[in-house]
Structure formats: structure tokens, C-alpha cells
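Worksheet: the structure to be examined is printed underneath.
Residue numbers (our numbering), protein chains in the order written: chain L, 1 to 329; chain R, 1001 to 1329.
The following block contains the structure:
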């Protein structure tokens, strides 16, 4: 079914046109405007059976999710996404309609940002039993902003969150038990909704460190802690207020499954929220909520605490397998 | 063996630093300088069993080949490569040393251009029997040059070639018969050597259309012909003079196998030579050789001819399966 020449043009043609593309799909390479004279670039690979299942997610869902994982990384640098490039390896018997669904999902996730797929490659794997592999590269522009790295946090900074946490892990718990409702929970797993605009807004407000939460809050704030040489001390009450809406699916599903929703908030991955540190007394931009403080290491090691307790013991207490999100499969 | 967190840092750390990278590997995204205010970007996916075999190519070879396929696309726009991003999906039992070999090959192919790997993602597939999938995105800069598209060829232009053709197909024919010599033939399959500098040089000299020869000369000049609405008429004598060194491996191997070396020159893929059209009376830049002429379509359809004969009948005559390179597997 899959022919490298015919299908790729058809799949990409429906991906829309990036506002910033001077040359779009169909030539040897795309040409994308980079007004800042710097381009922000990131790649993520999604593998069937690890990052998505075709029986749990529609092709559109998978396209949305693949785009979101990369677009959030651009936002986490303070950038605005301009274009995606997509490489797909799939079994030779993959249906064109399925690939078109993925392309539609990619395009739909990009469109509100003015971005689009500007290039790609579609290859049939050697075996009909091969897993689908989707590799997405996102490009973005900083528009004069400094890039916000993981290494800039300083003692005294406020730790803040934009976007939600735990939704994807909660949805996964539902799907794993064979349920497909509540829909809000399952939808959060199928289509994460990263707070893209919050990234550039944080950079404008003077955020000193930022990253996206793809592997879980404890794991990803751990990157900031280690790269900055500080302790990130998260506040459980603030986190609960920010993430656990009493009417929301996390509380409902956790009650039904006898689970601790805080475990999803602290260790669940793939929601692509943003976490950043801001200098003290900075007014947090819209969409950002304080969830903790940056402390000097003193005689301790850089790392993550929750109300003064180490991430390791917190993870043990909430019953999660590790501080890092473990993919299914 | 493969852990997403540990190995990726180790593999990428050896990839060197791009001269143009303001932020390299290890953060949410890289930041690459784009002095032209435009970035050239392309993605190619290589799948084990289709584009490489681990018993035929070392991991370093595979890294070189994956980088070359993408770097040649940047050159074919008239650009100079600045950075690569690499996504790898591999079986969970993949050895770290093998991945490091691939990274070393990627780095070594980039280094002469001042480019390097600035980011990537390494994911273990769900199954030990999964094929390795390597997805490479190359970024480049035009330094004020116009991008050279496939659509700019005009009747009267000279068609010219930079780099060699048929070498990869010849090497593949050798490997398929179970031989590993002559080494020059096999090396051309394992590590193509695209003429990177010839791309920007062609753009500077006023090339009107250009593409890289990844699918075979007839197939890729066919892209120029169709996108430009012209006939590309290739000259067999000029091609033989440019590509068939009497002392070279193509002639030797073809004699030994009873094959027609012109079949490899016309339809062999993966050498990543560059083909371009130049206005008449332009002095071809260094490394470029005339191999044909662009003709008006008149009452014919846009397409490729060899000395006035259609590509389709030429392909039939040389015994190749199709005008487009068919990957093994």
C-alpha cells in the first residue's frame, strides 16, 4: 500500500502551509524563515507499543501527540514554533488513510501556532510486523528573546507551573483497565494540551530556567536542579491546588481505582506542562502558578524535594515505580 | 542495554559541537545560528533491512550514510549544513557500542562542514526483533543565496553533474553476491561521498534548478523535468566520460558480473551526487560536468530522455527494474 513517492506527497500536501515557510514540502529541503537569526530545533521519536497504541488512539490523536511533544520543547526554550519535519517508518501494509489521519493530527496541532509540516520522509519497513516509528523535528524562533535553559535556576527563585499534570497518566490507567471513559481522562492521554504561549511569556517575564514536563514533574525538575546546581523544593498543597480539581477526572478516577492522584501529578509523563523558575518578586505571567521554591544546596546534593522530603522517598510513598515516567510496553 | 536517559547523553556527547550551535545537546531543544534569517531543513529516515544491513555496514558506515543523505539535500538547495538532529528507535538489546559507532559516523561526516549533532532522541522499541530506524534532520544556511529549487530549469539550460553515480548500486551488487571486494566498490555503497561544496558553488554560479541524486539519475532528473515543465535530455557519451573511469570499480565489477555499468549510472541510487541546470554560456563551477541539455516540451510531456530516447525505454534496454532506485529488502 505504501509507496515512497506517491503517498508522501499526498500525506504532506494536506499538512497545510507554514506561515514562515519560504519553500514548503516537495523539494530537496524546506526553507523556513528565522527572523531572529537563530533557530530552535528539537527531535522526538514515538514508537508504536511504547508511546502509542493504534487500538487506544486514532491516527489523528497520534499526530496531535507527536506534534505536541516537540512543540512543547520549543515553548520550553521560550520559542515560538514555526515548522515541523516528520519522518515515518511503517509496515508496508499500512493504510494510506491511517497515515493521512496522522498527518491531519500533526497539522491540526500546529495550525493554531501558525506552524505546519514543511517536509518529511515516509519509508516502508522491511516487515509487515514492524512497529510504526514517528520521528518529529520542530523548528522555532526566539524573536529576540534569550533562550531559557535548564541551568539558570538560582536559590530564592520561585518555581512555577503552566499547564496540567497527571492527566496523561490518569488516562493511561483508565485505558489499561480496558475502560474508555471518563472521556476527559482518556482524552488527556490521547491528546496532551501543552500551554505553548506560556513558554515565550515566561521568557519575556524573565524566567531563569525552564523545561517541559515530558517524563514526570520529579524527573524533569530534577534536570533543572542538577543542571543549575540547586534544590527544587515543591509544595504539595500548591501542587494539589494547581492540578487536582475536585470536579476533575484525576480525583474521580483515583477514587474509582483506589489510586493516589498525587502520584500521577508527581511522576506522570507526557502532559507537556511547562515548569520554570522566576526571580523572587517577579509577577508570574498569565497561566503560571507558584508550586515551590529554589533553595541553595548547602551540604546536600542538587535534587528535588517535596516539602523538604527527597524525591526518592516521596516516590516510594506514592507507590510509583520511579521518579521518571516509564512508558508502557 | 538501552536506557533512554543514560545512553543518549553518552552517545550525543561524542558528536562534537556545531560551530553554529548556541545551545547544543542536553536541553529541551538546541539553538542554532541562522545568519541568513532563513533555515534550510530536511529529514530522511533510514530503516534497517531497507537502507542498511548491520552485517554489510559497520555502525560508523551507517552513521556516515545517514548523515550524507541529509547533508546532500541541504547542498542541493545551495545551502551549507549547520547541524543535525537524530532520532533513533532500536531494539532494547542494542549495544551501546553500536550506537556510539553510529554517532561517531554521523559526527565524522558532519565535521568537515563545521556541522555536528545538536540534539536527538533515542528510544528502545517494544520488541527485541524491531528493526533499527534512524531519522536524521539536517539544518543549513543559505548565506544570502537564493534557494535553488527543482522547478527553475528552462529550455536551453545545460544539465550538469557533480559527484559520482552508480557507485552505491555497484557496491550493492557486489555485497549481494556475497563478496566484499573490490573495496572501492563496496565502500561507495557503505559511505557515499556527496560533493557538498558543489551545491553552494552552483547556486553562486546561477544554477536555475538542482536536486540530489538519491533515487537514481533518471528518477531525480525526472523531478526537475516535471517540476520545471521541461525535457531533460541526457547525453550517454558525456555520462560515460563523467562516471565510467576505465580503471574504476564500475567497469571492473560490471565486467566480472556481466552487467551493464550504465544501468548503475542511470538508475542507481544513494550516491548523492548533485544534478543541476545552468543557463547557457555560464562557466560551470569546479567539480561540475555537462551531461545534457534542457529542451522545451513542445508536444511531448515533461520527462527525461537519453539522447532523444525516453527514460522508460532506456530503463527497459539497460534491464533495470524501474527508473527509480529500489531499495533492497
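Using N, Cα and C, we set each Cβ at its ideal position, and we do this for glycine too.
Every value quoted in this text rests on a predicted model; they were computed, and no experiment measured them.
Between residue 1200(R) and chain L, is the shortest Cβ-Cβ distance under 7 Å, so that the two count as touching? The residue you call residue 1200(R) lines up with position 200 of the second chain. By this cut-off, residue 1200(R) is not an interface position.
Going along the chain, which residues of its own chain have a beta-carbon closer than 6 Å to the beta-carbon of residue 114(L), five neighbours each way excluded? Start at 1 with the first residue of the first chain, and residue 114(L) comes out as number 114. Excluding sequence neighbours, residue 114(L) sits near 19.
As an exercise, report each continuous beta strand (DSSP E) stretch of at least 3 residues that is fully enclosed by the stretch 88-160 of chain L, in chain order. 116-124, 133-141
Can you confirm whether residue 1232(R), when its beta carbon is compared against all beta carbons of chain L, has any partner nearer than 7 Å? In the second chain, counting from the first residue as 1, residue 1232(R) sits at position 232. It does not: the Cβ of residue 1232(R) has no partner Cβ on chain L nearer than 7 Å.
CA-CA distance, residue 1199(R) and residue 1130(R)? Within the second chain, the letter at position 199 stands for residue 1199(R). Within the second chain, the letter at position 130 stands for residue 1130(R). Using only the alpha carbons, I get a separation of about 36 Å.
Where the beta strand (DSSP E) through residue 1282(R) begins and ends: The sequence position of residue 1282(R) within the second chain is 282, counting from 1. Segment: none, residue 1282(R) is in no beta strand (DSSP E) and carries neither H nor E.
Assign residue 1210(R) to one of three DSSP states: helix, strand, or coil. Position 210 of the second chain holds residue 1210(R). If DSSP states are grouped into helix, strand and coil, residue 1210(R) belongs with the strands.
Of the residues that make up the stretch 33-58 of chain L, which ones have a beta carbon closer than 9 Å to any beta carbon in chain R? 33, 34, 35, 36, 37, 38, 39, 40, 41, 42, 43, 44, 45, 46, 47, 48, 49, 50, 51
Simplified DSSP assignment, three categories, for residue 56(L): Taking the first residue of the first chain as position 1, residue 56(L) is located at position 56. Residue state, collapsed to three classes: coil.
To which residues does DSSP link residue 1084(R) through a beta bridge? If you number the second chain from 1, residue 1084(R) lands on position 84. Beta-bridge pairing links residue 1084(R) to 1117(R), 1138(R).
On the three-pair Cβ rule with 8 Å, is the stretch 1061-1075 of chain R touching the stretch 1131-1151 of chain R? yes
Measure the CB-CB distance between residue 1227(R) and residue 1150(R) and report whether it falls below 7 Å. Here residue 1227(R) refers to the residue found at position 227 of the second chain. Here residue 1150(R) refers to the residue found at position 150 of the second chain. For residue 1227(R) and residue 1150(R), yes; Cβs fall inside 7 Å.
Where the stretch 79-107 of chain L meets chain R: residues whose CB sits under 8 Å from a CB there: 79, 83, 85, 86, 87, 88, 89
In whole angstroms, what is the alpha-carbon distance linking residue 230(L) and residue 1045(R)? Here residue 230(L) refers to the residue found at position 230 when the first chain is read from its first residue. Here residue 1045(R) refers to the residue found at position 45 when the second chain is read from its first residue. Each residue's Cα considered, the two are about 39 Å apart.
Is residue 20(L) helix, strand or coil by DSSP? For the purposes of this step, residue 20(L) is taken as residue 20 along the first chain, with counting starting at 1. In this structure, residue 20(L) counts as coil in the three-state DSSP scheme.
Is the beta carbon of residue 161(L) sitting closer than 7 Å to the one on residue 273(L)? Here residue 161(L) corresponds to residue number 161 of the first chain, with the count starting at 1. Here residue 273(L) corresponds to residue number 273 of the first chain, with the count starting at 1. Going by C-beta atoms, residue 161(L) is nearer than 7 Å to residue 273(L).
Use the C-beta contact count for residue 241(L): other C-beta atoms within 10 angstroms, 16 or more gives buried, fewer gives exposed. Stepping through the first chain from its first residue, residue 241(L) is reached at position 241. With fewer than 16 Cβ atoms within 10 Å of its Cβ, residue 241(L) is classed as exposed.
DSSP beta-bridge partners for residue 234(L)? What you label residue 234(L) is simply residue 234 of the first chain in a count that begins at 1. The partner list for residue 234(L) (beta bridge, DSSP) reads 292(L), 306(L).
Which residues in the same chain have their Cβ closer than 8 Å to the Cβ of residue 1248(R), if we skip the five residues on either side of it in sequence? Taking the first residue of the second chain as position 1, residue 1248(R) is located at position 248. 1184.
Taking the C-alpha atoms as reference points, what is the distance between residue 1001(R) and residue 1121(R)? The residue given as residue 1001(R) occupies position 1 in the second chain. The residue given as residue 1121(R) occupies position 121 in the second chain. At residue 1001(R), the pLDDT of 46 sits below 50, so the modelled position is not reliable and the matter cannot be decided from this model.
Taking C-beta pairs closer than 7 Å, name the residues in chain R that residue 137(L) reaches, listed in chain order. Residue mapping note: residue 137(L) aligns to position 137 of the first chain, counting from 1. What residue 137(L) touches in chain R: 1043, 1085, 1137.
Answer yes or no: do residue 1196(R) and residue 1069(R) have a C-beta to C-beta separation smaller than 7 Å? The sequence position of residue 1196(R) within the second chain is 196, counting from 1. The sequence position of residue 1069(R) within the second chain is 69, counting from 1. Not a contact, by the Cβ cut-off of 7 Å.
Can you look up residue 48(L) in the DSSP assignment and give me helix, strand or coil? Residue mapping note: residue 48(L) aligns to position 48 of the first chain, counting from 1. Strand, per DSSP.
Residue 266(L) - DSSP class collapsed to helix/strand/coil: What you label residue 266(L) is simply residue 266 of the first chain in a count that begins at 1. Helix.
Residues near residue 251(L) by beta carbon distance below 8 Å, same chain, minus five either side: Residue numbering aside, residue 251(L) sits at position 251 when the first chain is read from its first letter. Hits under 8 Å: 244, 245, 261.
Quick one, which residues of the stretch 1107-1127 of chain R are near chain A if we go by CB-CB under 9 Å, in chain order? Absent from the structure is chain A; the protein chains it does hold are L and R.
Could you compute how far the alpha carbon of residue 188(L) sits from the alpha carbon of residue 1292(R)? The count along the first chain starts at 1 and reaches residue 188(L) at position 188. The count along the second chain starts at 1 and reaches residue 1292(R) at position 292. Going by the C-alpha atoms only, they are around 57 Å apart.
Do the stretch 1078-1088 of chain R and the stretch 1025-1041 of chain R meet, that is, are 3 or more Cβ pairs less than 8 Å apart? yes
If you draw a straight line from the C-alpha of residue 85(L) to the C-alpha of residue 1278(R), how long is it? In the first chain, the residue the question calls residue 85(L) occupies position 85. In the second chain, the residue the question calls residue 1278(R) occupies position 278. Distance between the alpha carbons of residue 85(L) and residue 1278(R) is about 30 Å.
Within chain R, the residues that residue 197(L) reaches when beta carbons sit closer than 9 Å: What you label residue 197(L) is simply residue 197 of the first chain in a count that begins at 1. Chain R residues near residue 197(L): none, gap ~16 Å exceeds 9 Å.
Strictly below 9 Å CB to CB, what residues from chain R border residue 304(L)? Looking up residue 304(L) in the first chain gives position 304. Result: empty, since nearest Cβ-Cβ is about 15 Å, beyond 9 Å.
Figure out for me which residue from 1218(R), 1048(R), 1036(R) has the closest Cα to the Cα of residue 124(L). The count along the first chain starts at 1 and reaches residue 124(L) at position 124. Nearest C-alpha to residue 124(L): 1048(R).
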